[in-house]
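For what it's worth, the numbering used here labels the leading residue of the sequence shown as 88, then goes sequentially.
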Amino acid sequence: MLTQNTLEALRQLKLTGMCDALEQQRAQPDTHDLAFEERLALLVDREVLHRESRRLERLLRAARLRMPACIEDIDYRHPRGLERSRMAGLASCDWTRQSLNLCITGPTGSGKTWLACALGNQACRQGLSVRYLRVPRLFEQLRIAHGDGSYARLMNQLMKTDLLILDDWGMQKVTAPQRQDLMEVIEDRHGRGSTLIASQLPTEHWHDYIGSATLADAILDRLLHGAHRLNLKGESLRKAQAQKAESVDPT
């Protein structure tokens, strides 16, 4: 009866991990031989693990990453110009904690989005907040926010995000209102958070993509100064995987 009261108290205190661990200890007679301090340590460890797992779930859900990619699954066999030492440095997420940016460029199918999501996943695993957005979707959200009065709230959310991933950069022409919104987003985040840009467009063409010389200079100065850069090369991974699948197809 005493143990049941304890379990109910743990649930009320939202110590779910400790509650589950205590129930497991009751079902495992071997743990009864442990000292009180050892059993208590197991309960605390389980609660810490439970909270870390829940936090990771929340961060990944909020990030809305396009692909379930992980750093450990990077394929270095395909000649894309990726170096293990370079990726190990990026996987540490020190650049994110220092509010530095990362630009990933390369041709279609070279794995830009996959790598961006893998780094986003890694950041979540280290307790950092992440948000993935395709640039057209970002502009659409900002346009709607201007109309429904949620612009300030959206901008505040973007500013507070540790790592903002902007995919499909340079896919469509930028209008004057979009250019101004982009400037505001980049300016708000400058020195406060990291921005990861994934683009087919080489960085030397970004000035023309943005358009207005004055705003382009301001945006790119904040984005590219001190930024890490990954320039992927080689043929499309999707094409190579499709060809490989065809070669082993028995039909």
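Beta carbons are placed, not taken as given, at the ideal position from N, Cα and C, and that holds for glycine.
Just so you know, these numbers come straight off a predicted model, no measurement behind them.
query                                                                                                   : result
Cβ-based burial, Q111 [other Cβ within 10 Å; buried from 16]                                            : exposed
Three CB pairs or more closer than 8 Å across the stretch 227-242 and the stretch 158-173               : no
Spatially closest choice to G313 from E95, C157, P155, N188, by CA coordinates                          : N188
For N188, three-class secondary structure by DSSP                                                       : coil
Cβ neighbours of C180 in the same chain (closer than 7 Å, five flanking residues each side left out)    : Q209, A210, Q213, L215
8 Å contact criterion, which I288 and Y219 should meet: CB distance rounded                             : As written in the sequence, residue 288 is Leu, which differs from the Ile given in the question. Rounded, the Cβ-Cβ distance is 19 Å, inconsistent with contact.
Segment limits, alpha helix (DSSP H) that includes I297                                                 : 293-297
Minimum C-alpha distance to C190 - residue among D120, M246, L97, L251                                  : L251
C-beta atoms of S281 and K199 nearer than 9 Å                                                           : no
Local conformation of D162 per DSSP, three classes                                                      : coil
H294 vs W182 beta-carbon contact at 9 Å                                                                 : no
Distance, A205 Cα to A239 Cα                                                                            : 30 Å
L245 beta carbon less than 9 Å from that of R276                                                        : yes
Pick from Y163, K247, T248 that is closest to K320, judged by C-alpha positions                         : Y163
Closer than 8 Å: H292 CB and nearest the ligand NAD heavy atom                                          : In terms of ligand content, the structure shown is empty, and the ligand NAD therefore cannot be addressed.
Whole runs of the alpha helix (DSSP H) within the stretch 93-136, excluding any shorter than 4 residues : 103-114
Cβ shell of N305 (< 7 Å), same chain only, five flanking positions each side left out                   : For clarity, residue 305 is Ala in the given sequence; the question names Asn instead. Within the same chain, A305 has close Cβ partners M270.
Pairwise C-alpha distance: L136 and A329                                                                : Because A329 sits at a pLDDT of 48, beneath the cut-off of 50, its placement in the model cannot be relied upon, and the following sentence gives the value as read from the coordinates. Distance between the alpha carbons of A329 and L136 is about 40 Å.
Identity of the residues DSSP links to W256 by a beta bridge                                            : S286
Rounded straight-line distance, which links the Cα of I297 to that of W256                              : 10 Å
Residue environment, D268, which counts as buried when at least 16 other CB atoms sit within 10 Å       : buried
A203 versus R98: straight-line alpha-carbon distance, rounded                                           : 38 Å
Secondary structure of R218, DSSP reduced to three states                                               : strand
Beta carbon proximity, R153 to chain B, threshold 9 Å                                                   : The displayed structure is made up of one protein chain only, and chain B is not part of it.
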